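In my numbering, the protein residues as written are 498 to 701.
Here a beta-carbon is modelled for each residue, glycine too, at the ideal position from N, C-alpha and C.
Remember, it's a predicted structure, so these values are computed and weren't measured experimentally.
Worksheet: the structure to be examined is printed underneath.
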Amino acid sequence: MRRAPKGAGSVYHRRDGRWVAVLPLAGGRKKALYGKTQAQARDKLIKAQRDLQLGQEPQDERLTVGAYLTRWVENTCRPKLRPSTFRAYSDIVKLHILPVVGRNPINRLTRDHVQGMLRKATEAGKAPRTVRNIRAVLRHALNQAIADGLLSRNVAAMAAVPRLPRSEGKMLSPEDARKLLEVAQGSRWAACYEVMLTLGLRRG
Numbered sequence: 498m499r500r501a502p503k504g505a506g507s508v509y510h511r512r513d514g515r516w517v518a519v520l521p522l523a524g525g526r527k528k529a530l531y532g533k534t535q536a537q538a539r540d541k542l543i544k545a546q547r548d549l550q551l552g553q554e555p556q557d558e559r560l561t562v563g564a565y566l567t568r569w570v571e572n573t574c575r576p577k578l579r580p581s582t583f584r585a586y587s588d589i590v591k592l593h594i595l596p597v598v599g600r601n602p603i604n605r606l607t608r609d610h611v612q613g614m615l616r617k618a619t620e621a622g623k624a625p626r627t628v629r630n631i632r633a634v635l636r637h638a639l640n641q642a643i644a645d646g647l648l649s650r651n652v653a654a655m656a657a658v659p660r661l662p663r664s665e666g667k668m669l670s671p672e673d674a675r676k677l678l679e680v681a682q683g684s685r686w687a688a689c690y691e692v693m694l695t696l697g698l699r700r701g
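Okay, here's the thing in structure tokens:
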């Protein structure tokens, strides 16, 4: 067998049965890519080499959802969100996402994982709006992961969320409307109230 060109990487069989591809990196570093078969390891090596040619650091297959989201909250959310919004994002990540899917490798997270997380939140009694917010935060984080070149699709966007209950608006009865106009007589807002009640205008 001919030796691979210097810097091209190598693929070999481990004693534990796995195949590993070794990719040389700048500064003498090396990156190991594992596969169940020789072909799988070689495919990962080819993809990593392609990423390097595009100027992208090869993905760390051990990067978990928890590690990425923790970094995302601090580096992306904190600088650009209002303090109250940042706290809400941070709480959702810590309380609802990390305990359920935080240990999953981010590149192996599936729609079923996300759907199961949302189902657990629903079964725990969380309101539909809270469940929707949990998915929204994870969706935003995975969009950033796609921009970072870590993912090719957003599995959170594929997950279904509970519908929000429709709220019925409260309306004045004809008798209440007449009383309002009577009390408003002489007020600077009397004409405004009369127009709103007559035409059924909303406050906006």
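On the CB-based measure, 16 or more other CB atoms within 10 Å of its CB, does residue i come out buried or exposed?
i, result
"P671", "exposed"
"R685", "exposed"
"K528", "buried"
"V638", "According to the sequence as given, residue 638 is Ala; it is not Val. It is buried - the Cβ of A638 has at least 16 other Cβ atoms within 10 Å."
"V692", "exposed"
"L551", "exposed"
"G514", "exposed"
"A518", "buried"
"L698", "exposed"
"A642", "buried"
"L669", "exposed"
Measure the Cβ-Cβ separation of residue i and residue j and say whether it is below 8 angstroms.
i, j, result
"L712", "G506", "A question about residue 712 goes unanswered here, because the residues of the chain that appear run from 498 up to 701."
"L694", "L678", "yes"
"L566", "V597", "no"
"R608", "A656", "yes"
"L542", "L530", "yes"
"A674", "A681", "no"
Given residue i, which residues of its chain have a CB within under 7 angstroms of its CB, disregarding the five upstream and five downstream residues?
i, result
"N640", "N651"
"K503", "Per-residue confidence for K503 stands at a pLDDT of 47, beneath the threshold of 50, marking its modelled position as unreliable; no derived number is given."
"R526", "none"
"K667", "none"
"C689", "none"
"R511", "V517"
How many whole angstroms separate the CB atoms of residue i and residue j, which I take to be in contact at a CB cut-off of 8 angstroms?
i, j, result
"V611", "R629", "About 13 angstroms separates the two Cβ atoms, so there is no contact after all."
Within its chain, find whatever has a CB closer than 8 angstroms to the CB of residue i; leave out the 5 residues flanking it on each side and keep chain order.
i, result
"A618", "H593, T627, V628 and I631"
"P662", "P625"
"R660", "P625"
Tell me which same chain residues have a C-beta within less than 6 angstroms of the C-beta of residue i, skipping the five on either side of it?
i, result
"K544", "none"
For residue i, is the beta carbon positioned less than 7 angstroms from some heavy atom of the ligand FMN?
i, result
"L669", "Ligands displayed in this structure: none; no statement on the ligand FMN is therefore possible."
Are the C-beta atoms of residue i and some chain C residue less than 8 angstroms apart?
i, result
"T534", "Absent from the structure is chain C; it holds one protein chain and no more."
At least three beta-carbon pairs within less than 8 angstroms, the region 532 to 542 to the region 562 to 576: no
The region 615 to 627 touching the region 638 to 651, judged by at least three CB pairs closer than 8 angstroms: Judged by Cβ distances under 8 angstroms, the region 615 to 627 makes no contact with the region 638 to 651, as fewer than three pairs qualify.
The region 561 to 568 in contact with the region 601 to 620 per 3-pair CB rule at 8 angstroms: yes
Cβ contact check for the region 630 to 642 and the region 580 to 597: 3 or more pairs under 8 angstroms: Yes, they touch.
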